[in-house]
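Q:
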Amino acid sequence: MFGKHAAFILPAYAITLVVAVALVVWIVLGYRSRQREIARLERGGASRHGRKADRASSGETR
Amino acid sequence: MAALLGRELRVALKAGSGALMGVLFFLAVVTVFPFAIGPDLNQLGRLGPAILWIGALLASLLGLDRLFALDREDGSLDVLVLEAHPLMATVIAKCLAHWLVSGLPLILATPLFGVMLNVPPLGIAAVMATLAAGTPAITFIGAAAAATAAALPRGGLLVAVLTLPLTIPVLIFGITATNGALFDPDPFTAPFLILLALTLFSAVLGPLAAALMLRHSAE
Amino acid sequence: MNQDTQTLSPAPSWWMRLANPTRFMTFADRVIPWLAGLAAIVAAVGLWLGFSAPEDYQQGATVLIMFLHVPAAWLAMMCYSVMSLSALGTLVWRHPLADVSLRAAAPIGAAFTLLALVTGSLWGKPMWGTWWVWDARLTSVLVLLIIYLGLIALARAIEDPVQAAKPLAIMTLVGFINIPIIKFSVDWWNTLHQPASVSRFARPAMDAAFLYPLLVMALAYTLFFFTLHIMNMRNEILARRIRVLKLRQAGR
Amino acid sequence: MRFEADTLSVNRGLRRVVQDVSFSLGEGEVLTVTGANGAGKSTLLRALCGLLPLAAGRLRLAGLGEGEDDPLIFREHLHYLGPQNAMKAALSIRENLAFWRDFSGGSDGLEIEQALRAVELPHVADLPFSYLSTGMRRRVAICRLLVSKKPVWIVDEPTSGLDRSASELFAGLCRAHCADGGILVAATHLPLGLGKAQTLAMETLFTVFEGDAFFDGEEA
Numbered sequence: 001m002f003g004k005h006a007a008f009i010l011p012a013y014a015i016t017l018v019v020a021v022a023l024v025v026w027i028v029l030g031y032r033s034r035q036r037e038i039a040r041l042e043r044g045g046a047s048r049h050g051r052k053a054d055r056a057s058s059g060e061t062r
Numbered sequence: 063m064a065a066l067l068g069r070e071l072r073v074a075l076k077a078g079s080g081a082l083m084g085v086l087f088f089l090a091v092v093t094v095f096p097f098a099i100g101p102d103l104n105q106l107g108r109l110g111p112a113i114l115w116i117g118a119l120l121a122s123l124l125g126l127d128r129l130f131a132l133d134r135e136d137g138s139l140d141v142l143v144l145e146a147h148p149l150m151a152t153v154i155a156k157c158l159a160h161w162l163v164s165g166l167p168l169i170l171a172t173p174l175f176g177v178m179l180n181v182p183p184l185g186i187a188a189v190m191a192t193l194a195a196g197t198p199a200i201t202f203i204g205a206a207a208a209a210t211a212a213a214l215p216r217g218g219l220l221v222a223v224l225t226l227p228l229t230i231p232v233l234i235f236g237i238t239a240t241n242g243a244l245f246d247p248d249p250f251t252a253p254f255l256i257l258l259a260l261t262l263f264s265a266v267l268g269p270l271a272a273a274l275m276l277r278h279s280a281e
Numbered sequence: 282m283n284q285d286t287q288t289l290s291p292a293p294s295w296w297m298r299l300a301n302p303t304r305f306m307t308f309a310d311r312v313i314p315w316l317a318g319l320a321a322i323v324a325a326v327g328l329w330l331g332f333s334a335p336e337d338y339q340q341g342a343t344v345l346i347m348f349l350h351v352p353a354a355w356l357a358m359m360c361y362s363v364m365s366l367s368a369l370g371t372l373v374w375r376h377p378l379a380d381v382s383l384r385a386a387a388p389i390g391a392a393f394t395l396l397a398l399v400t401g402s403l404w405g406k407p408m409w410g411t412w413w414v415w416d417a418r419l420t421s422v423l424v425l426l427i428i429y430l431g432l433i434a435l436a437r438a439i440e441d442p443v444q445a446a447k448p449l450a451i452m453t454l455v456g457f458i459n460i461p462i463i464k465f466s467v468d469w470w471n472t473l474h475q476p477a478s479v480s481r482f483a484r485p486a487m488d489a490a491f492l493y494p495l496l497v498m499a500l501a502y503t504l505f506f507f508t509l510h511i512m513n514m515r516n517e518i519l520a521r522r523i524r525v526l527k528l529r530q531a532g533r
Numbered sequence: 534m535r536f537e538a539d540t541l542s543v544n545r546g547l548r549r550v551v552q553d554v555s556f557s558l559g560e561g562e563v564l565t566v567t568g569a570n571g572a573g574k575s576t577l578l579r580a581l582c583g584l585l586p587l588a589a590g591r592l593r594l595a596g597l598g599e600g601e602d603d604p605l606i607f608r609e610h611l612h613y614l615g616p617q618n619a620m621k622a623a624l625s626i627r628e629n630l631a632f633w634r635d636f637s638g639g640s641d642g643l644e645i646e647q648a649l650r651a652v653e654l655p656h657v658a659d660l661p662f663s664y665l666s667t668g669m670r671r672r673v674a675i676c677r678l679l680v681s682k683k684p685v686w687i688v689d690e691p692t693s694g695l696d697r698s699a700s701e702l703f704a705g706l707c708r709a710h711c712a713d714g715g716i717l718v719a720a721t722h723l724p725l726g727l728g729k730a731q732t733l734a735m736e737t738l739f740t741v742f743e744g745d746a747f748f749d750g751e752e753a
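Residue numbers (the numbering used here), protein chains in the order written: chain A, 1 to 62; chain B, 63 to 281; chain C, 282 to 533; chain D, 534 to 753.
1) Beta-carbon separation of residue 714 of chain D and residue 561 of chain D under 7 angstroms?
2) Assuming residue 217 of chain B and residue 127 of chain B form a contact by the criterion Cβ under 8 angstroms, report the distance between their Cβ atoms to the nearest whole angstrom.
3) Expressed to the nearest angstrom, what Euclidean distance is found between the alpha-carbon atoms of residue 117 of chain B and residue 123 of chain B?
4) Kindly indicate the opening and closing residues of the beta strand (DSSP E) around residue 534 of chain D.
5) At 3 residues or longer, and completely inside the region 665-733 of chain D: list those beta strand (DSSP E) runs for me, N to C.
6) According to the neighbour-count rule (16 or more other Cβ atoms, all chains shown, within 10 Å of its Cβ), is residue 404 of chain C buried or exposed?
7) Taking 7 angstroms as the threshold (C-beta atoms), are residue 322 of chain C and residue 231 of chain B in contact?
8) Is the shortest distance between the beta-carbon of residue 434 of chain C and the beta-carbons of chain B less than 7 angstroms?
9) With a threshold of 7 angstroms on Cβ separation, who are the neighbours of residue 94 of chain B within its own chain once the five nearest residues in sequence on each side are excluded?
10) Quick check: the Cα distance between residue 456 of chain C and residue 703 of chain D, rounded to an integer number of angstroms?
11) Residue 300 of chain C and residue 517 of chain C: beta carbons closer than 7 angstroms?
12) With 9 angstroms as the limit, tell me which residues of the region 18-30 of chain A have their beta carbon closer than that to any beta carbon of chain C; keep them in chain order.
13) In angstroms, rounded to a whole number, what distance separates the CA positions of residue 65 of chain B and residue 219 of chain B?
14) Using 8 angstroms as the Cβ pair cut-off and three pairs as the minimum, do the region 571-585 of chain D and the region 593-606 of chain D touch?
15) By the 7 angstroms beta-carbon criterion, what residues does the region 436-465 of chain C contribute toward chain D?
16) Confirm, please, whether the CB-CB distance from residue 420 of chain C to residue 467 of chain C is below 7 angstroms.
17) What is the C-beta distance between residue 543 of chain D and residue 594 of chain D, in whole angstroms, given that I count them as a contact (C-beta under 8 angstroms)?
18) Quick one: what's got a C-beta closer than 8 angstroms to residue 622 of chain D's C-beta in the same chain, skipping five residues either side?
19) Quick check on residue 388 of chain C: buried or exposed, where buried means 16 or more other Cβ atoms within 10 Å of its Cβ?
20) Which residue from C:522, C:355, C:452 puts its Cα closest to that of residue 267 of chain B?
21) For my contact list, residue 523 of chain C and residue 34 of chain A are in at a C-beta cut-off of 8 angstroms; report their separation, rounded to the angstrom.
22) Is it buried or exposed, residue 362 of chain C, if we count other Cβ atoms within 10 angstroms and call 16 or more buried?
23) Could you tell me which chain A residues have their CB closer than 9 angstroms to the CB of residue 523 of chain C, listed as they occur along the chain?
24) Under a Cβ-count criterion, where at least 16 other Cβ atoms within 10 Å of its own Cβ denotes burial, should residue 138 of chain B be classed as buried or exposed?
25) Could you tell me whether any Cβ in chain C is nearer than 7 angstroms to the Cβ of residue 198 of chain B?
26) Select from C:447, C:424, C:425 the residue whose C-alpha is nearest the C-alpha of residue 435 of chain C.
27) Report yes or no: is there a C-beta of chain A within less than 7 angstroms of the C-beta of residue 301 of chain C?
28) Anything in chain C within Cβ reach of residue 223 of chain B, meaning under 7 angstroms, just list it in chain order.
29) Note down the Cα distance separating residue 168 of chain B from residue 84 of chain B, rounded to an integer number of angstroms.
30) For a contact defined as C-beta to C-beta under 9 angstroms, what are the partners of residue 472 of chain C on chain A?
31) If you measure from the beta carbon of residue 542 of chain D to each beta carbon in chain B, is any gap under 7 angstroms?
32) What residue range does the alpha helix (DSSP H) around residue 160 of chain B cover?
33) With a threshold of 7 angstroms between beta-carbons, can residue 14 of chain A be considered close to chain C, or not?
34) Just tell me which of D:697, D:644, D:658 has its CA closest to the CA of residue 679 of chain D.
35) Are any of the Cβ atoms in chain B nearer than 7 angstroms to that of residue 427 of chain C?
36) Going along the chain, which residues of the region 633-645 of chain D sit with their C-beta nearer than 7 angstroms to a C-beta in chain B?
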């Protein structure tokens, strides 16, 4: 199917796939760990509104 | 502007370390090459101009972060930014002073190092001419990165990394012009003029970017 | 800055609507799955087209690598343009998410540039027997990679992202202005040193069989890039929220 | 000439450090800014000189005509004495002061000898700056304000490193500056002894974050 250059075509596709998957995985893991981190921090009381919540503002909570 | 140029020169001469460091580093680089390439003189002679250029480029890159860092440390950067009418003029004055202190000595040292590398006199003259035309461009381009890194702890390395790719055209035309002077078929004037054009272009772009960076010295 | 920055240049309304991180996050959550799906489909079509294309008489099957190499090089350039646009967003329009977009795009751009270099050398090996040839285009892509990594180093060097926004934007634009100069000087340098034969690396005249898969793959790469870019922007916004929460905790 | 600020707010990165500061200073008037460390005194002063961007509010040096409400333009009429001395250690006092006089362009300032006598350092003109003690260095830094005349002085911890008599000296210089129609904004811990002066006590803002607007999306 790839003839004599298979030794170059396959690695090319393999590396492209590896890099693409690595990028996706790195970003998705980053997203998940950051969400967990925010949840942990917000549970720990450091809510984003801080003093602003005392002031009568809309303060819609996400 | 003249006042700033005067002060910068007096500081550099009094402190004296700036100029010397650059030339010493240049000497170190030039000395290292023969160990790698071997003592064969005519081979060194052929590669001489390239070694001189690389040495000068690296030496001026590493001296760049001192352009603003010293002023930030003693607080005069804030006042310079405050008082400067056109801030770009102040940056250009500082770049010129820095070039006179660290760029010019490299050019003056070129004959000595050129002889060490068995570079023919014509080659040495060509390298000096192209360095004279090219090294200001390195200082100007580096001014923007130096302004960025002034407040950072290990700013020097960052300046070199940020500036190196931008100075590649200067290196290319510097060496092409030098070879043009040495070997007949190759042109000399065309690359040399392009080199001058690069310097003029970076004399505008670099200080403009550096001035923009310094306008709100956020630290 | 002086007080009238808002009236500096009225940006299009939907764009400014996106300027607000919370709305951007909901927009991102909605659009990412679709974009990812579309990218996958287009990539599949591209690959199918590519593999069914007849073998090139000159390069044999290695033309298949070109379908990866050329789009990657295009994306490396396109990504830097997106970063430069974001840099303008920071400096000129003061768009709050411009810096987030610039920082999110940098690592992806660097990855595509790396990909272009690797596939380029894999493509060149069967033809010249060496893994790396100082061809004008490959060298320019290499210099572009150094610029990318320099910007990423700068982004990590300055601790506070908001204070790093301006230096990053300025250095991105300085890089952007210099890229054509670097391209020009590398081409000049290349023609001086390279005997004409080696620069055969220039793409052979394209016939349709190769052009379509190439364009489809380029579209797939672009969709893939925007998916990753929006996802990474989402990460960057979350990272800044974490920073605010931690600063607040420190302040307590 | 009036130096007016209207609900100034300044950020350091995402942190709101200065919130809704207002003042109005006529000629001869003094504003002393007090507050604990980290309360934002230095940040406010740097913002007044245009060294830091304003997050909100307006700043004007009225009476200047064109460019009077843009700190980047009117700051040429300001002297800023920061926590550091802005002098080159390797150069002599005379060279340092001569440079700042020429660079600032103030033609009608005091002569260098006069300025040094005003801070009681007549004999040091030709010594390198590095030879001086911290107190003497601070006094030379104050001389920079004398060698070129500017209507507005913005000084941050001017008396740091100064003993009682030197602080008295500085207070005298400030009184002379104000008597001459100058405006003074000083951030300081110890009282400057300047008699009638507006005061601005700054308290540390921990909880209010510019970030709130950035993340909660009240306004774009």
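Virtual Cβ for every residue (Gly too), placed ideally from N, Cα, C. Computed from a prediction, not measured in an experiment: that's the story for all the values here.
A: In short, the structure shows the following:
1) In the fourth sequence, counting from the first residue as 1, residue 714 of chain D sits at position 181. In the fourth sequence, counting from the first residue as 1, residue 561 of chain D sits at position 28. The answer is yes: Cβ separation under 7 angstroms.
2) Sequence index remark: in the second sequence, residue 217 of chain B carries index 155 (1-based). Sequence index remark: in the second sequence, residue 127 of chain B carries index 65 (1-based). With a Cβ gap of about 5 angstroms, residue 217 of chain B and residue 127 of chain B count as contacting.
3) As a first step, residue 117 of chain B must be located in the second sequence, where it is residue number 55. As a first step, residue 123 of chain B must be located in the second sequence, where it is residue number 61. The straight-line gap from Cα to Cα measures roughly 10 angstroms.
4) Working through the fourth sequence from its first residue, we reach residue 534 of chain D at position 1. Residue 534 of chain D -> no beta strand (DSSP E), and no H or E assigned at all.
5) 685-689, 716-720
6) Here the question's residue 404 of chain C lines up with position 123 in the third sequence. The residue in question, residue 404 of chain C, is buried, as its Cβ has 16 or more Cβ neighbours within 10 Å.
7) Against the second sequence, residue 231 of chain B aligns to sequence position 169. Against the third sequence, residue 322 of chain C aligns to sequence position 41. No, the pair does not count as a contact, with Cβ atoms beyond the cut-off.
8) Indexing the third sequence from 1 puts residue 434 of chain C at position 153. Judged by the 7 angstroms Cβ criterion, residue 434 of chain C is in contact with chain B.
9) Numbered from 1 along the second sequence, position 32 holds the residue referred to as residue 94 of chain B. Closer than 7 angstroms at the Cβ level, and outside the excluded window around residue 94 of chain B, lies no residue.
10) The sequence position of residue 456 of chain C within the third sequence is 175, counting from 1. The sequence position of residue 703 of chain D within the fourth sequence is 170, counting from 1. About 49 angstroms.
11) Translated into positions along the third sequence, residue 300 of chain C becomes position 19. Translated into positions along the third sequence, residue 517 of chain C becomes position 236. No, Cβ-Cβ distance for residue 300 of chain C and residue 517 of chain C is not below 7 angstroms.
12) 19, 20, 22, 23, 24, 26, 27, 28, 30
13) Taking the second sequence and counting its residues from 1, one reaches residue 65 of chain B at position 3. Taking the second sequence and counting its residues from 1, one reaches residue 219 of chain B at position 157. The alpha-carbon atoms of residue 65 of chain B and residue 219 of chain B are separated by roughly 30 angstroms.
14) yes
15) 441, 443, 444
16) If you number the third sequence from 1, residue 467 of chain C lands on position 186. If you number the third sequence from 1, residue 420 of chain C lands on position 139. The answer is yes: Cβ separation under 7 angstroms.
17) Locating residue 543 of chain D in the fourth sequence gives position 10, where the first residue counts as 1. Locating residue 594 of chain D in the fourth sequence gives position 61, where the first residue counts as 1. So it is not a contact: roughly 17 angstroms between Cβ atoms.
18) Taking the fourth sequence and counting its residues from 1, one reaches residue 622 of chain D at position 89. Cβ neighbours of residue 622 of chain D beyond the five flanking positions: 661, 662, 663.
19) Numbered from 1 along the third sequence, position 107 holds the residue referred to as residue 388 of chain C. Residue 388 of chain C is buried by the Cβ-count criterion.
20) Stepping through the second sequence from its first residue, residue 267 of chain B is reached at position 205. Comparing Cα positions, the closest option is C:452.
21) In the third sequence, residue 523 of chain C corresponds to position 242, counting from 1. In the first sequence, residue 34 of chain A corresponds to position 34, counting from 1. Going by Cβ atoms, the distance from residue 523 of chain C to residue 34 of chain A rounds to 6 angstroms, so yes, they are a contact pair.
22) Position 81 of the third sequence, counting from 1, holds the residue named residue 362 of chain C. Per the 10 Å Cβ criterion, exposed.
23) The count along the third sequence starts at 1 and reaches residue 523 of chain C at position 242. Near residue 523 of chain C (Cβ distances below 9 angstroms), the residues of chain A are 34, 37, 38, 41.
24) In the second sequence, counting from the first residue as 1, residue 138 of chain B sits at position 76. Buried, by the Cβ-count rule.
25) To locate residue 198 of chain B, count along the second sequence from 1; it is residue 136. Cβ-Cβ to chain C under 7 angstroms: no for residue 198 of chain B.
26) Here residue 435 of chain C refers to the residue found at position 154 of the third sequence. Considering only alpha carbons, the answer is C:447.
27) Locating residue 301 of chain C in the third sequence gives position 20, where the first residue counts as 1. So, not an interface residue.
28) In the second sequence, residue 223 of chain B corresponds to position 161, counting from 1. Those within 7 angstroms of residue 223 of chain B in chain C are 431, 434.
29) Start at 1 with the first residue of the second sequence, and residue 168 of chain B comes out as number 106. Start at 1 with the first residue of the second sequence, and residue 84 of chain B comes out as number 22. When rounded, the distance between both Cα atoms is 7 angstroms.
30) Position 191 of the third sequence holds residue 472 of chain C. Under the 9 angstroms cutoff, chain A gives no residues; its nearest Cβ is about 27 angstroms from residue 472 of chain C.
31) For the purposes of this step, residue 542 of chain D is identified with residue 9 of the fourth sequence, where counting begins at 1. No - not a single Cβ of chain B is within 7 angstroms of the one on residue 542 of chain D.
32) Position 98 of the second sequence, counting from 1, holds the residue named residue 160 of chain B. Element bounds for residue 160 of chain B: 149-160.
33) For the purposes of this step, residue 14 of chain A is taken as residue 14 along the first sequence, with counting starting at 1. No, residue 14 of chain A does not count as interfacial toward chain C.
34) Looking up residue 679 of chain D in the fourth sequence gives position 146. Ranking the options by Cα distance to residue 679 of chain D, first place goes to D:644.
35) Within the third sequence, the letter at position 146 stands for residue 427 of chain C. Yes, because at least one Cβ of chain B sits closer than 7 angstroms to the Cβ of residue 427 of chain C.
36) 635, 636, 637
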